[in-house]
Amino acid sequence: MPETVKLRFGEAVNAALRRAMETWPEALLYGEDVAKPGGVFGVTRRLRNDFGERVFDTPISESAIIGSAVGAAMMGRRPIVEIMWIDFTLVGIDQVINQAANVRYVSNGALSAPLTIRTQQGATPGSCAQHSQSLEALFAHVPGLRVCLPSTPQDAYDLLLSAVACDDPTLVIEARGLYAGEREEVVIGGPIAPVGGSRHRQHGSDLTMVTWGATARTAAQAAQALAAEGISTDLIETVWLNPFDTDAVLSSVERTGRLLVVHEANVTGGFGAEVIARVAESGVALRAAPGRLGLPDLRVPAAPHLSAAVLPTADRITDAARRIVAGTPVFCR
C-alpha cells in the first residue's frame, strides 16, 4: 500500500532504487563507489547490504560501465548504472548514442535496451569546470534515448521508477545541489507512471514560463515575486525533455501569449531554443517576442561569487519576465 514519508531528494532516489530492486529481480545496480561506499553523494547507501551482489562497484571506466549495461539489457537484465558527473558521460558517449539508443533500430525491433543511466549535473559552489556542465540538450537530441530531470523528492522517486520500468534506454539527470535539501512529503509505493508528461507548478494568465531541473525551484520563487507585482505566471516544469510535452506548453502559450524559457545550460544550442521553435512552428500568436534565460556562453566559474553572477537567479528571471510582459526583447548572450 502507498504511504507518505518525508524524504530529502537524495533519500527519495535511494527509496526508488530500493523499490526497483525489489520489483524487478533482473535489475542490477552498479557504478563507481555505489556499493560499499554507498555512492559519492550517499544516494545508494545500504543497498549493497540488502541486495548483495546485484549491487556492485566498478573500476573508473564510464565507457565499460555503460557498454556493459547495454549488453546486459539486451540479454534480459534491467541495469541501473550511475555516472557520477554528467561531464563523465562524454567518456562513454559512443555507448550511449551509437549503441544504447540504436538497439531497437538496428535489430528491427527484435531487441530493446531497458537500461537506466543515473547522473547529476549543474553548478554548485566550488565545483570545477569539468563538474558543472548542464548537457541535457545533447542527450535530448538523440532519438531512442529518454531524458528526464526531476527537481522535487517526489519526482526524484517517481521519474526514476518510470525510467527503470521503461524498455528504452533512459537518462535520469539529477541536480547535485538538491540531494541534501529539505525533507518533503513523498508518496512511495504507488503506481509507476509511464514515461512522459510535465508538471503544472503554477497557473497564471500573463506569461508562460517553461523550465526543468534545478532551475524549476528558482523559477517558482520568481513566479511568486512576479505575482506580488501583479504579473500572473503560468509555470510549467517539463520534467521529461524526451518525450517532450509540447501540448502542455502550447496550451499555456495560447492563453498567455507570452513565453519565457529558463534553464541552467548554456543558451546557445540549449533546449530552450527547441521549446521556442516548437511554439513558433505551431503558429500560436504571441503578444511579445519569446525569451530564453540560461547560462551565457561561458564555462561555469568555480568561485561562488562568479558563478552567482552568471547563473539564472530569481532576480534575473523576474527581470526577464518583466521585459517580456513590457514587450522588450530578452537577450542573454
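According to the working numbering, the sequence shown is numbered sequentially starting from 1030.
Even for Gly, the Cβ is constructed at its ideal location relative to N, Cα and C.
Bear in mind that the values here come from a model prediction, so they are computed numbers and not experimental data.
| query | result |
| --- | --- |
| In whole angstroms, what separates the C-alpha of residue 1043 from that of residue 1187? | 12 Å |
| Using a Cβ-Cβ cutoff of less than 7 Å, which residues in the same chain neighbour residue 1103 once the five nearest sequence positions on both sides are dropped? | 1132, 1140, 1142 |
| Please go through the segment 1092-1173 and give each complete alpha helix (DSSP H) segment of 4 or more residues, from N-terminal end onward. | 1132-1135, 1165-1169 |
| Please report the Cβ distance between residue 1145 and residue 1101, rounded to the nearest whole angstrom; I am assuming they are in contact, meaning their Cβ atoms lie under 8 Å. | Not a contact, Cβ separation roughly 12 Å. |
| Can you tell me whether residue 1346 is helix, strand or coil according to DSSP? | helix |
| Using only alpha-carbon positions, find the residue among 1109, 1275, 1098 that is nearest to residue 1189. | 1109 |
| Of all the alpha helix (DSSP H) runs that stay within the bounds of the segment 1213-1270, which reach a length of 4 or more residues? | 1244-1257 |
| Could you tell me if residue 1212 is buried or exposed, where buried requires 16 or more neighbouring beta carbons within 10 angstroms of its beta carbon? | exposed |
| State the Cα-Cα distance for the pair residue 1078 and residue 1156, rounded to the nearest angstrom. | 31 Å |
| What is the DSSP secondary structure of residue 1089, counted as helix, strand or coil? | coil |
| Determine the burial state of residue 1348: buried for a count of at least 16 other Cβ atoms within 10 Å of its Cβ, exposed for fewer. | exposed |
| Can you give the beta carbon distance from residue 1216 to residue 1052, rounded, assuming they're within the 8 Å contact cut? | Between residue 1052 and residue 1216 the Cβ distance is about 16 Å, and since that is not below 8 Å, they are no contact. |
| Does the distance from the CB of residue 1200 to the CB of residue 1239 come in under 8 Å? | no |
| Any idea if residue 1136 is buried or exposed, counting beta-carbon neighbours within 10 angstroms, 16 or more meaning buried? | exposed |
| Over what stretch of residues does the beta strand (DSSP E) that includes residue 1356 continue unbroken? | Where residue 1356 is concerned, there is no enclosing beta strand (DSSP E), given that its DSSP letter is neither H nor E. |
| When burial is assigned at 16 or more other CB atoms within 10 Å of the CB, is residue 1055 buried or exposed? | exposed |
| Following the continuous alpha helix (DSSP H) through residue 1332, name the residue where it begins and the one where it ends. | No alpha helix (DSSP H) holds residue 1332; DSSP gives it neither H nor E. |
| Report the option in 1266, 1324, 1311 whose CA atom is closest to the CA atom of residue 1241. | 1266 |
| If you count every other CB in all the chains shown that lies within 10 Å of the CB of residue 1057, and 16 or more means buried, which is it? | buried |
| Whole-angstrom Cβ separation of residue 1012 and residue 1326, contact assumed at under 8 Å? | Because the chain in this structure spans residues 1030 to 1362, residue 1012 falls outside the shown range and cannot be described. |
| To the nearest angstrom, how far is it from the Cα of residue 1273 to the Cα of residue 1126? | 19 Å |
| Start and end of the beta strand (DSSP E) containing residue 1200? | 1199-1204 |
| What did DSSP end up calling residue 1059 once you bin it into helix, strand or coil? | strand |
| From the DSSP secondary-structure annotation, give me the bridge partner or partners of residue 1175. | 1199 |
| Would you kindly check if the distance between the Cβ of residue 1341 and the Cβ of residue 1322 is under 8 Å? | yes |
| Pairing CB atoms from the segment 1115-1126 with CB atoms from the segment 1076-1095, are three or more of them under 8 Å? | yes |
| What's the gap between the Cα of residue 1204 and the Cα of residue 1138? | 33 Å |
| List the endpoints of the continuous beta strand (DSSP E) containing residue 1032. | 1032-1036 |
| Since residue 1287 and residue 1264 should fall inside the 8 Å C-beta cutoff, what is the C-beta to C-beta distance between them, to a whole number of angstroms? | Not quite, the Cβ-Cβ distance comes to about 13 Å (not below 8 Å), so this is no contact. |
| Helix or strand or just coil, what does DSSP make of residue 1211? | coil |
| Taking residue 1134 as the reference, give the member of 1279, 1085, 1171, 1117 with the closest Cα. | 1171 |
| Between which two residues does the alpha helix (DSSP H) harbouring residue 1301 extend? | 1300-1311 |
| Taking the CB atoms as reference points, tell me whether residue 1293 and residue 1243 lie closer together than 8 Å. | yes |
| With a Cβ-Cβ cutoff of 8 Å, do residue 1329 and residue 1161 count as a contact? | yes |
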